[in-house]
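Worksheet: the structure to be examined is printed underneath.
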Amino acid sequence: MTLVRLLFYTMSFIAIGSALYAALSKNLVRSIFIFFVTLFALAGLYVIALADFVAVTQVVIYVGGILVLILFAFMLSGRETLNVIEQHKGKFINMAKVPAVILAALFLAVIVNIILKADADKLPWVKQAIAQKNEITPTSSTIDNIGVNLMTTYLLPFEAISVLLLMALVGAAHLSRKEGRA
Amino acid sequence: MITLTDFLLVGALLFCTGMYMIVSKRNSIQVLIGIELMLNAAILNLVAFGKYDKLNNGGQVFALFAIVLAAATTAVALAIVLNVYRRYKTIDPDEIKNLRD
Chain F
1 MTLVRLLFYT MSFIAIGSAL YAALSKNLVR SIFIFFVTLF ALAGLYVIAL
51 ADFVAVTQVV IYVGGILVLI LFAFMLSGRE TLNVIEQHKG KFINMAKVPA
101 VILAALFLAV IVNIILKADA DKLPWVKQAI AQKNEITPTS STIDNIGVNL
151 MTTYLLPFEA ISVLLLMALV GAAHLSRKEG RA
Chain X
1 MITLTDFLLV GALLFCTGMY MIVSKRNSIQ VLIGIELMLN AAILNLVAFG
51 KYDKLNNGGQ VFALFAIVLA AATTAVALAI VLNVYRRYKT IDPDEIKNLR
101 D
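In the order they appear, the protein sequences are chains F and X. First residue of the first sequence? That's 1 in the UniProt record's numbering, and the numbers climb one at a time after it. First residue of the second sequence? That's 1 in the UniProt record's numbering, and the numbers climb one at a time after it.
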């Protein structure tokens, strides 16, 4: 068992465990804060997948931006959100959750079955990439290549996404405005 | 070395956790966290496959795009959550049954 494998198992265990805790916890605040841990563990998994730039972006945007936004929404929506906790006290198994559990478990079974059948490591294009040395190795630096590609090959999606981001900003500002004056 | 199948299995587990949250939670902020989990599982798959594309970096660039899209989605969704809270004084998706008029 190499060190990378050990790190991979640790990171994926932390990610899945904290995600499950966030899913099963009835407390909204705990659910939000444990989601921080999930995101950090996922950034670690991206590093293990040799995508360090994506990992840093994940930490900056998700942890620095999205979670702060979620915390703000939670604080602005007041105490009523916490009342959900008291409604289901005393019931060990909530019958309303059973269909959701069945749905998620069946979907998981289907996906795992497909993944094991597809056998991604033996796909033709993956084998070809390994044979042509088109594979990212732990020593290669990819960030300059990402920058060049972003401005050449992927310029059109980049522009489209920037316009979309501007539209989302304007839309969010419009939606959260006080009503009655317009 | 870690194989692609390992990453795909972790992604599948995260995706199903997110799906469970979306279907079962009675609080729209937790539903939003479930959506973020599903997006992150998809990004993990993109990044894992992006390892085999050194020249074009397709996987990593589209992972970046997906992160930006998630940020935009969250901003709009939280604005909607605040609006709904102002109108109904609750953010339970089951309680919101009326249209505007």
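The C-beta atom is built at its ideal place from N, Cα and C for all residues, glycine as well.
If you ignore the 5 residues before and after A77 of chain X, its C-beta comes within less than 6 Å of the C-beta of L32, all in its own chain and listed in chain order. Judged by DSSP secondary structure, L67 of chain F falls within the alpha helix (DSSP H) whose first and last residues are 67-76.
Taking a Cβ-Cβ cut-off of 8 Å, L156 of chain F has no neighbours in chain X, whose nearest Cβ is about 11 Å from it. Within the region 62-81 of chain F, contact with chain X at the beta-carbon level (separation under 8 Å) is assigned to Y62, G65, I66, L69, I70, F72, A73, F74, L76, S77, G78, E80, T81.
Taking 8 Å as the Cβ-Cβ cut-off, the region 65-77 of chain X approaches chain F at F65, I67, V68, L69, A70, A71, A72, T73, T74, A75, V76, given in chain order. Against chain X, the beta carbon of G171 of chain F has neighbours under 7 Å at V76, listed in chain order. In the assembly as shown, Q128 of chain F is an exposed residue. Its beta-carbon has fewer than 16 other beta-carbons within 10 Å.
F:I16 is the residue among F:I143, F:I16, F:V163, F:T2 whose C-alpha sits nearest the C-alpha of L8 of chain X.
With its beta carbon less than 8 Å from one in chain F, V47 of chain X belongs to the interface. The region 36-43 of chain X makes no contact with the region 131-142 of chain F; the number of CB pairs closer than 8 Å stays below 3. Per DSSP, reduced to three states, the secondary structure at M1 of chain X is coil, with no helix or strand assignment. In the three-state reduction of the DSSP assignment, S162 of chain F falls in the helix class, which pools H, G and I.
Under the Cβ distance rule, L4 of chain X counts among the residues neighbouring chain F, one pair being separated by less than 8 Å. Between the C-alpha atoms of D6 of chain X and T17 of chain X there is a straight-line separation of about 17 Å. Residue state for K127 of chain F is assigned as helix, using DSSP reduced to three classes.
A Cβ-Cβ contact shorter than 8 Å links L169 of chain F with A75 of chain X. Residues are counted here when their Cβ sits less than 8 Å from a Cβ of chain X; for the region 28-40 of chain F these are L28, S31, I32, F35, T38, L39, given in chain order. CA-to-CA, the gap between R26 of chain X and D94 of chain X works out to about 7 Å.
The Cβ neighbour count for S141 of chain F, taken over all protein chains shown within 10 Å, is under 16; the residue is labelled exposed. Proximity of I14 of chain F to chain X, defined by a Cβ-Cβ separation below 8 Å, is not satisfied.
Annotation: E95 of chain X is outside any alpha helix (DSSP H) and is labelled neither H nor E by DSSP. Interface annotation, M19 of chain X: in contact with chain F, CB-CB separation under 8 Å. Among the residues of chain X, those whose CB is under 8 Å from the CB of A104 of chain F are C16, T17, M19, Y20, V23, following chain order. For E36 of chain X, a Cβ of chain F is located within less than 8 Å of the residue's own Cβ. Taking a cut-off of 8 Å on C-beta distances, the region 77-87 of chain X does not touch the region 43-51 of chain X, as fewer than three cross pairs fall below it. Straight through space, the alpha carbons of V84 of chain X and L175 of chain F are spaced by roughly 10 Å. Neighbours of V54 of chain F in chain X, taken as residues whose beta carbon is under 7 Å from its own, are V47, Q60, A63, L64 in chain order. Around the beta-carbon of L99 of chain X, fewer than 16 other beta-carbon atoms lie within 10 Å, marking it exposed. Contact annotation for N56 of chain X against chain F: N149, T153 [CB-CB distance below 8 Å, chain order]. It is roughly 27 Å from the alpha-carbon of F15 of chain X to the alpha-carbon of T90 of chain X.
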